[in-house]
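Reading the sequence shown from the start, the letters are residues 102 to 266 in the working numbering.
Ideal Cβ placement from N, Cα and C applies to all residues, glycine included.
Predicted model, so just to flag it, every value in this text is computed and none were measured.
Here is the structure we will look at.
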Amino acid sequence: MKQAKWVVVASFVFLGLIATTSIIEKSSAVSVNEIMLEIGQTMEELFPTLFDEKTMEQPAGQKNLHDAVKKLDALFNEARPHFDIKSPTYRISFDVIHAQLTGAMVAMKYDNYRHATNIVKEFVSICSSCHMQDSKLRTLFGDVSLATLVESSSAAIYNLLNLIT
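What follows is the structure, encoded as structure tokens:
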């Protein structure tokens with residue numbers, strides 16, 4: 102009888118430790134929403150530069166693109182576990198965007214910033230096509246407007262992205 106009580110008490114203690122560990126892990130881990138918000142903010146900061154060809158020809162614009170793509174790659178790597186447990190549809194979009202980030206990094210390695218810029222523009226369309234359908238995330242690129250875009254080609258691309266999404 103004493104042995105049975107000991108087993109029951111030990112079981113409760115063990116289950117309590119597991120539950121506590123699980124709660125601590127969940128509270129210490131960064132949520133996918135926080136990661137995605139940071140991805141969105143990084144894209145928002147990059148967006149005006151991305152569609153301004155004159156800026157992208159300058160070393161400062163290229164550095165901005167390089168730093169943003171490197172940060173986005175790190176954030177997508179951090180977000181991967183959240184997407185791995187989702188449906189294949191989520192994973193496919195995630196994998197396509199992550200592959201494009203890798204392609205942009207390779208292009209920049211060979212100083213082909215025009216190609217890297219085009220790759221990033223492509224995956225911006227994928228991101229916005231999902232997020233712009235959602236009323237909560239619709240303001241993803243809230244500070245970007247036609248007034249912030251200097252060239253007419255940049256404004257045209259911005260309008261096209263808004264029409265697509």
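**Study point:** Member of Ile140, Val133, Asn134 whose CA lies at the smallest distance from the CA of Phe224
**Key:** Here residue 224 refers to the residue found at position 123 when the sequence shown is read from its first residue. The option with the nearest alpha carbon to Phe224 is Ile140.
Review point. Can you give the Cα-Cα distance for Ser132 and Asp185, rounded to whole angstroms?
Key: By one-based count along the sequence shown, residue 132 stands at place 31. By one-based count along the sequence shown, residue 185 stands at place 84. Cα to Cα, Ser132 sits roughly 14 Å from Asp185.
Check your understanding: With a Cβ-Cβ cutoff of 9 Å, do Met144 and Leu166 count as a contact?
Key -> Against the sequence shown, residue 144 aligns to sequence position 43. Against the sequence shown, residue 166 aligns to sequence position 65. Contact: no.
Point to revise | Reduced DSSP secondary structure (H/G/I, E/B, other) of Phe152 | key: In the sequence shown, the residue the question calls residue 152 occupies position 51. Residue state, collapsed to three classes: coil.
Practice item. Confirm, please, whether the CB-CB distance from Leu176 to Ile136 is below 9 Å. Key: The sequence position of residue 136 within the sequence shown is 35, counting from 1. The sequence position of residue 176 within the sequence shown is 75, counting from 1. The answer is yes: Cβ separation under 9 Å.
**Study point:** Helix, strand or coil at Lys187 [DSSP, three-state]
**Key:** Position 86 of the sequence shown, counted from the first residue, corresponds to residue 187. Correct three-state label for Lys187: coil.
Review point. Using the rule of at least 16 other Cβ atoms within 10 Å of the residue's Cβ for burial, across every protein chain shown, is Asp153 buried or exposed?
Key: What you label residue 153 is simply residue 52 of the sequence shown in a count that begins at 1. Classification for Asp153: buried.
**Study point:** Candidates Met206, Gln201, Ile193, of which the one nearest Gln163 by Cα
**Key:** On the sequence shown, position 62 is the one that residue 163 refers to. Per the Cα distances, Met206.
**Study point:** Expected contact under 8 Å - CB spacing of Ala200 and Met209 to nearest Å
**Key:** The count along the sequence shown starts at 1 and reaches residue 200 at position 99. The count along the sequence shown starts at 1 and reaches residue 209 at position 108. Separation of the CB atoms of Ala200 and Met209 is rounded to 15 Å, and the pair is thereby denied contact status at 8 Å.
Check your understanding: Looking at C-alpha atoms only, which residue of Asp168, Asp196, Pro182, Ile193 is the closest neighbour of Tyr214?
Key -> Here residue 214 is taken as the residue at index 113 of the sequence shown, counted from 1. With distances taken between Cα atoms, Tyr214 lies closest to Asp168.
Check your understanding: Apart from the five residues just before and just after His183, which ones in its own chain have a Cβ nearer than 6 Å to its Cβ?
Key -> Within the sequence shown, numbered from 1, the residue matching residue 183 stands at position 82. So the qualifying residues of the chain are Val133.
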